[in-house]
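Below is one structure; the comments refer to it alone.
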Amino acid sequence: MTVDISIRICGQAGQGIQSISAAMGKVFIRHGYYVFINNDVESRIRGGHNFDQVRVGHEPVNAVNDKVDLLIALDAETRDADLPYLKDDGVMIYDDEKPATDSKNPHHIPIPLEKLASKAGGSKIMANTVATGAAFALLKFELQPLQDHLKEVFGDKGKAVIHQNQTCAEAGYRFVQQHFKGNFPYPLDTGKFQRNKMLLNGSQAMALGAICSGLKFYSGYPMSPSTGIMEFIAALGKEHHIIMEPAEDEISAVNMVIGASFAGARAMTATSGGGFCLMVEALGLAGMTETPVVVINAQRPGPSTGLPTRTEQSDLKFTIHAGHGEFPRAVFAPGNAELAFFAVSKAFNLADRYQTPVIILTDQHLNDSFSTVDGFDLDQITIDRGNILNDKDFSSASDYKRYALDKSGVSPRIIPGRTEAVLYADSDEHTEAGHITESAAVRNRMHKKRMAKLKGLRKEMNAPEIYPSRKGDIILLGWGSTCGALKEAVDQMNSQDMSTRLIHFSEIYPFPECDFSEIISDHTKIISVENNYSGQFADIFSHETGLAISHKILKFDGRPFTAHEIISVVKERL
Amino acid sequence: MTVDISIRICGQAGQGIQSISAAMGKVFIRHGYYVFINNDVESRIRGGHNFDQVRVGHEPVNAVNDKVDLLIALDAETRDADLPYLKDDGVMIYDDEKPATDSKNPHHIPIPLEKLASKAGGSKIMANTVATGAAFALLKFELQPLQDHLKEVFGDKGKAVIHQNQTCAEAGYRFVQQHFKGNFPYPLDTGKFQRNKMLLNGSQAMALGAICSGLKFYSGYPMSPSTGIMEFIAALGKEHHIIMEPAEDEISAVNMVIGASFAGARAMTATSGGGFCLMVEALGLAGMTETPVVVINAQRPGPSTGLPTRTEQSDLKFTIHAGHGEFPRAVFAPGNAELAFFAVSKAFNLADRYQTPVIILTDQHLNDSFSTVDGFDLDQITIDRGNILNDKDFSSASDYKRYALDKSGVSPRIIPGRTEAVLYADSDEHTEAGHITESAAVRNRMHKKRMAKLKGLRKEMNAPEIYPSRKGDIILLGWGSTCGALKEAVDQMNSQDMSTRLIHFSEIYPFPECDFSEIISDHTKIISVENNYSGQFADIFSHETGLAISHKILKFDGRPFTAHEIISVVKERL
Amino acid sequence: MVSLEDFYSDDPIAWCPGCGNFSILKSLKQAFVDLGKKPHEIVIVSGIGQAPKTPHYLRCNAFNGLHGRTLPVATGVKLANHELTVLAQGGDGDGYGEGGNHFIHAMRRNVDITYLVHNNQVYGLTKGQTSPTSGEGFVTRTTPQGSVNRPINPLLLAIASDCSFVARGFAGEIDHLSELIRKGITHKGFALIDILQSCVSFNRVNTFKWYKDRVYRIDEDPEYDPKNRLMAFEKAAEWGEKIPIGIIYSTDRPALNSQIPAIKDEPLVKQRVDPSDFVDIFEMFR
Amino acid sequence: MVSLEDFYSDDPIAWCPGCGNFSILKSLKQAFVDLGKKPHEIVIVSGIGQAPKTPHYLRCNAFNGLHGRTLPVATGVKLANHELTVLAQGGDGDGYGEGGNHFIHAMRRNVDITYLVHNNQVYGLTKGQTSPTSGEGFVTRTTPQGSVNRPINPLLLAIASDCSFVARGFAGEIDHLSELIRKGITHKGFALIDILQSCVSFNRVNTFKWYKDRVYRIDEDPEYDPKNRLMAFEKAAEWGEKIPIGIIYSTDRPALNSQIPAIKDEPLVKQRVDPSDFVDIFEMFR
Ligand SMILES: Cc1ncc(C[n+]2csc(CCOP(=O)(O)OP(=O)(O)O)c2C)c(N)n1
Ligand SMILES: Cc1ncc(C[n+]2csc(CCOP(=O)(O)OP(=O)(O)O)c2C)c(N)n1
Ligand code: SF4
Ligand code: SF4
Ligand SMILES: [Mg+2]
Ligand SMILES: [Mg+2]
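As structure tokens, then:
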């Protein structure tokens, strides 16, 4: 039987939930499993109700599950709230000093988490490590890999800390071995140690994509769920010669990025909706001055401050139309961490080649969830800086015109200081030389030149992924981070004899050229699935393709879709 | 014959072009004429090439003409640039010290404008007044009304100044009477003095609309073409008890307005695209906190700084989707100054009744052009502040919940300080009481509650104007400030046996319920006419109505449409 | 008569145990009680961060708006109804980072509001990035090599802007802080109270003890004259071994709301408007 | 060797005759010539307004961006390529109004750029509204009863922010101004040069003569020590009958660009990147 287990670790912020999920994730991928970790946290630092959900499987797992097989409850209140999510045959671990409502249930295992932690020479706070050990025992997973992991993680904190943690883990492990007489239905075979998989979240994937594509300058202002990108780049900045300049606000961040890009460095910023609002004026600046720039907008539920630590896909139309006036841009919405890695790379190339802004639209679910990737093939990455002139390209440097008219819309640029030529970049309408103009004729030519880039950009857009290749009467339509849940839903529906296909867009604007005549007939039902209230992508899709959407499955409570949820709504509606 | 004359006054910034057009406008409307004045200026204070074009008619005039009957050239360069716009039988006045290219043309009348100005005891700069007098003579209009106007205008500058100006005007008048032997083809009969018409521009109309609807607080940051609104309100603030607070930036402006509105005052701001970008985050704040707010976005050609003093309609999709997340709003785009006056008033009522932002989308052509309005019927204006509770409405003040759930989406508000109750407004997702929540269930209810307002708002939207009432095979489709040019085009096409109708939208979002089945058949051709590059409204219209657009007439050089221009493209395409 | 109970809120507090914000909340409630302000007479406008959650934890009118935009909203509230007691409140990132421009301009406007900045020298809610007041060398996840920017000295900026009431409080001195807040509210004009607040989760440098060991009250020095601007500059520049708390600078100049003719007689929100009042307004266009 | 001709631009000047900007343009060109800077080694980042049109009127690399956003763009340029000579340039509205937050933060960052603010105490390009530096009582179409806000004193704000070079010039003293610009460019760190500039079209109060009658050079006072911050506060506060021009404050502290390890060896724009360099970067995730 192929394994597919879900484990939820719940508790208050500050109880170390993430150390547990991280330990599980790391150990499991190193023993051949695929792991997906989703976190569900409140916008606070201590207390409240939070959980991480770890899904482990032999096959790739890319979405959350509704129900869990194992619940690790670090605190009583959150435990009671999360118990309904435990499968009937699932097992729960909890601290024995925080009595469970139904303490007679043999699957609810009281463990003296905090006491064992204190005894093991740690403090109560190390209850999380005890729980990790306990969970490993339940899963029948060997203890040693966990101990190795703890050694690695606490390596620079000194031997004593490592020892304390390992003792805690062992105490939890032994406790379960001795006291748990029940049967955990889904053991995990330890298997062989291997290091051929990666576990990383969308933020990290995008930061890596940027770095591997030659990112040199980043500026940003913290805003969930984008902050991880900035922090990761900051951490690696020294080693990889990247400047990460913390900005006073998002307006400054994006303008710094435009300055750095104008000067010749690959530059990027990331933010979330509220910060993106503040960057919108500068998008037009990049469009008008024809300065390449990459901006990541990691969505969270709006409007306004909304639900800061949760997920939504509600900035789509805003992002496509953001900024006054008209200027070319591209908008990507990668479906998972792997696609996100390459999307950033492509974004840089398009931004440079078309000298215009490229926006990557993600969300909290993609940015914060950890998924397993076999690896990134660096050979697939090329760095194309577009048309840049050097001294040898000029007969006379003084003839250089920054905005020389060209049918493609792209005029060769120069890097200031690198040639004898100089350039004038202007946010006002300008002549070929870059000087301010009031001429209607010049305006017409320049505006057409810029807008012509859209034609080229459109050809660059990847068509949506169609999954699987065989036919289906039902089509699920999606974009961005719902990809994992949708694929899982499609697989399950097909196995339940509902012949289904997925059309998933990771590149959205300009809307890719695509032909669905092969896969859509008169009795195909297209069901769009989106994490927003109004079905924004469904509108765009039917406007662009002329195809009607039969049903919209919309969710806007800040939580990601599960396959099960999608399927039940489909069944209800069809 | 009904009169329809166009007069262009051209010259450098600083030469007093606008005093001429203002004098003409005022005098002519006071003698029974309809006047439309459009200005075409560069983004500079002195020099350059600028003109005002005054159109005078017995019948209402609401758009610019391509060709002019009289050209008043205050300077040689601009004269040479503008001569091509003079009709073949048109007449030009220019300063004799700045010789014309074709000085033998009897219709080109050299006048010693500056010399006469100096002689009349003024300085050279009063050449504009001399030219005004000269023009009045050419038009065979009596001199006295102009003299009365000058007295009125310079009333507070003292007798000497009035006298100088009157002497200049008379000198120009007499010079033409004595020296012009040709025939000006379109004389203007002086007729009777009457004060039953108003001449005002869109900015003034909107400011008036706001004031008459109870505007109490305005904050803004200067940006063409919105500045006129702020300046007019500032001028009247003292008398009418309105605060006009100059802001440090647009972010501050809109947040001050939100604060004032939260506290209970009707509040508004206006800006143009670049400033609107900076206000976008606060739109969502108003949407989430359910604070009424009215924002005017007066468009100019973008992207970015663009052409600051010119016109465009390119912010439509941006305005409809501006702000991250989803929240209800209404967007108006009034077709002329009169509609704009009432649009502001309606905007305030809807903002108050639905507790959400309402945006009025105008443009430089509407804001800056002067048109003739018979008057505003104040009886048509009601002030509806929506559902506001007072102490007598509570059984217990402590039970008050700012966001009490209601199917209409609207919860009764209180004015802070006016009752014993207190309120919590929050930009985070919140409970009925207004406290921050993380609950998925509460989020769902609250988001649905807010979004439900769109249903109510949609019913409030006026259907488009259909003009004229008889049938037409050709439909011109437009929105906003193109209304005047479109109506004129329709009239002319109908008189040329091209059976044409106009569908003109002044209220755009939520898209009004409308049924075109009566007026559109299979062989109707819908031609959309817009001042932008990509035909933004055409997209929205066909998406909403399912009707196909046959042709798009698009113009994006910063200049307004003329009827003639529209008709020639229609003929070319059909 | 109002009492502390009148300010009770049942909204559960989401701060970390041990956070300096608890003391600030206490000082604030006490100040209202001491002033005899009723909850409905007060509006607190806050931003986004840990500090701006404060108004939920007491009973009063609250507008919890955008990160960085407290001061414009509070200004709008006060100008619309100057009979209200208006406070703005947020963190150091909110006020001196995102909201820096409004800070400078609110001070020159001198609108009669009281601005409380919970200055923990770090971004709390977003989990510990460097803030405009973070010390040089401060290590965070955005400044792994330590911050190299000179921290903002809000008091110096305030005095440079001729802010009419400039004070520093410390969350560890509740009564003193409460007194400063009371005086700030009573002061007619813009009152800045920068409050040293320990963040137990993300600032391991400027801890409660760190502040406690350094702060001293300037009102204990009889020579110190907060009306003397040059003296104030000198005092405000002090930071390190010794950190002054108290009123650093204060000056009398008319509050914005007292200078606007439109609200001489009554606040905007009390003025009734009837469209028919405006028949004459059109005359100038005829 | 460069000469004035090297800086010739054929773009026709759109300023009003008699505008103070002409002199500033002259001073600027002269400073470049005196420094021997070649046009292509220079980048001027400007905002939107009358002043920001300046870079079009000389030959150099120019980025004429958004109203109020000069400093972030200039910072980005300098950090990407610190071998360039980078200037930022704009009006008082641009820099102290819309751009106020960047102003405060650029100074604490101390990036090595020179910031010229053409301070005409009014919004020129938008036709004469009140600006952050407009005097109290200044009547404009946005302040028909006269401005009631205290004007911003940019020099005080700069000293409060420990800006490492703070100067005031006057457009009427071309050589002195040119010298200030030269020194500002030579200074390693952020240099603010606030320039008194008459606007003949919209400022009838602070005219050329008004400035001329008031300005005096502080370098003529041998006692004045621009390294003394307290003295600088006092001097910077002077405004009225006498207005000091010259270097008001200067201090040595490392420029941001000299503190960043990533550009110790060479500027970002000279660093070549090959994707295959990064094979090891993934190890931490395995
Ligand atoms: C426009 C915008 N940018 C960023 C954020 C994210 N954000 C929320 S709170 C915060 C910083 C909080 O720091 P501070 O203001 O010092 O308050 P503290 O939490 O320390 O009390 C940030 C950056 C936001 N909500 N809005
Ligand atoms: C975001 C934004 N707001 C407003 C404007 C309009 N605007 C252009 S220039 C200017 C003010 C100019 O004043 P200042 O900066 O002092 O420069 P000056 O013209 O006096 O040299 C304004 C408000 C703009 N371009 N962008
Ligand atoms: S993170 Fe810091 S500031 Fe925020 S509640 Fe916790 S201790 Fe207080
Ligand atoms: S308006 Fe003033 S600042 Fe602008 S160019 Fe004219 S004189 Fe100079
Ligand atoms: Mg803080
Ligand atoms: Mg200015």
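Residue numbers (the working numbering), protein chains in the order written: chain A, 1 to 574; chain B, 575 to 1148; chain C, 1149 to 1434; chain D, 1435 to 1720. Every residue gets a Cβ at the ideal spot worked out from N, C-alpha and C, and that includes glycine. Quick caveat, the model's predicted, so the values are computed rather than measured.
For residue i, does the count of other Cβ atoms within 10 angstroms reach 16, so buried, or fall short, so exposed?
i	result
residue 1718 of chain D	exposed
residue 1130 of chain B	buried
residue 1149 of chain B	Residue numbering for chain B in the displayed model covers 575 to 1148; residue 1149 of chain B lies beyond these limits and cannot be assessed.
residue 979 of chain B	exposed
residue 841 of chain B	buried
residue 470 of chain A	exposed
residue 875 of chain B	buried
residue 1369 of chain C	exposed
residue 1713 of chain D	exposed
In terms of alpha-carbon separation, which member of the options lies closest to residue i?
i	options	result
residue 1268 of chain C	C:1173, C:1350, C:1396	C:1350
residue 1081 of chain B	B:1097, B:1039, B:885	B:1039
residue 1699 of chain D	A:529, A:302, A:242, A:37	A:242
residue 1292 of chain C	C:1374, C:1158, C:1300, C:1278	C:1278
residue 976 of chain B	B:767, B:864, B:646	B:864
residue 12 of chain A	A:5, A:3, A:39, A:31	A:39
What in chain D is Cβ-close to residue i, meaning under 7 Å?
i	result
residue 1407 of chain C	1582
residue 804 of chain B	1576
What residues from chain D crowd round residue i, counting only those whose CB sits closer than 9 Å?
i	result
residue 732 of chain B	Simply none; closest approach about 18 Å.
Report the neighbours of residue i on chain C: residues whose CB is nearer than 9 Å to its CB, in chain order.
i	result
residue 839 of chain B	1224, 1227, 1228, 1229, 1415, 1416, 1417, 1419
residue 304 of chain A	1213, 1214
residue 773 of chain B	1433, 1434
Name, please, each residue of chain G whose Cβ falls closer than 7 Å to the Cβ of residue i.
i	result
residue 424 of chain A	Considering every chain present, this structure includes no chain G. Its protein chains are A, B, C and D.
What does residue i reach in chain B if we use C-beta pairs closer than 8 Å?
i	result
residue 1638 of chain D	Within 8 Å Cβ-Cβ: nothing; residue 1638 of chain D doesn't reach chain B, min ~14 Å.
residue 444 of chain A	1130, 1131
residue 1560 of chain D	796, 797, 798, 801
residue 1478 of chain D	Going along chain B, no residue has its Cβ under 8 Å from residue 1478 of chain D, so there is no contact; the nearest lies around 16 Å.
Give the interface partners of residue i over in chain A, defined as CB-CB distance under 8 Å, in chain order.
i	result
residue 1594 of chain D	What residue 1594 of chain D touches in chain A: nothing, since even the nearest Cβ is about 16 Å away.
Using a cut-off of 9 Å between C-beta atoms, extract the partners of residue i located in chain A.
i	result
residue 1604 of chain D	Here the premise fails: no neighbours, minimum Cβ distance about 27 Å.
Quick one: which chain B residues come within Cβ less than 9 Å of residue i?
i	result
residue 1204 of chain C	998, 1000, 1008, 1009, 1010
At 7 Å on the CB atoms, spell out the chain B contacts of residue i, in chain order.
i	result
residue 461 of chain A	Within chain B, no residue comes near residue 461 of chain A; the closest Cβ sits about 17 Å away, beyond 7 Å.
Query raised in the report: In chain order, which beta strand (DSSP E) runs of at least 3 residues are fully inside the stretch 147-216 of chain A?
Result: 198-201
Report task. Any chance you could list the beta strand (DSSP E) runs of at least 3 consecutive residues sitting entirely within the stretch 362-430 of chain A, in chain order? Result -> 370-373, 424-426
**Report entry** Runs of beta strand (DSSP E) lying entirely within the stretch 449-529 of chain A, each at least 3 residues, in chain order
**Finding:** 465-467, 474-479, 500-505, 507-509
**Report entry** In chain order, each beta strand (DSSP E) run of at least 3 residues that lies wholly inside the stretch 787-846 of chain B
**Finding:** 791-794, 817-820, 841-845
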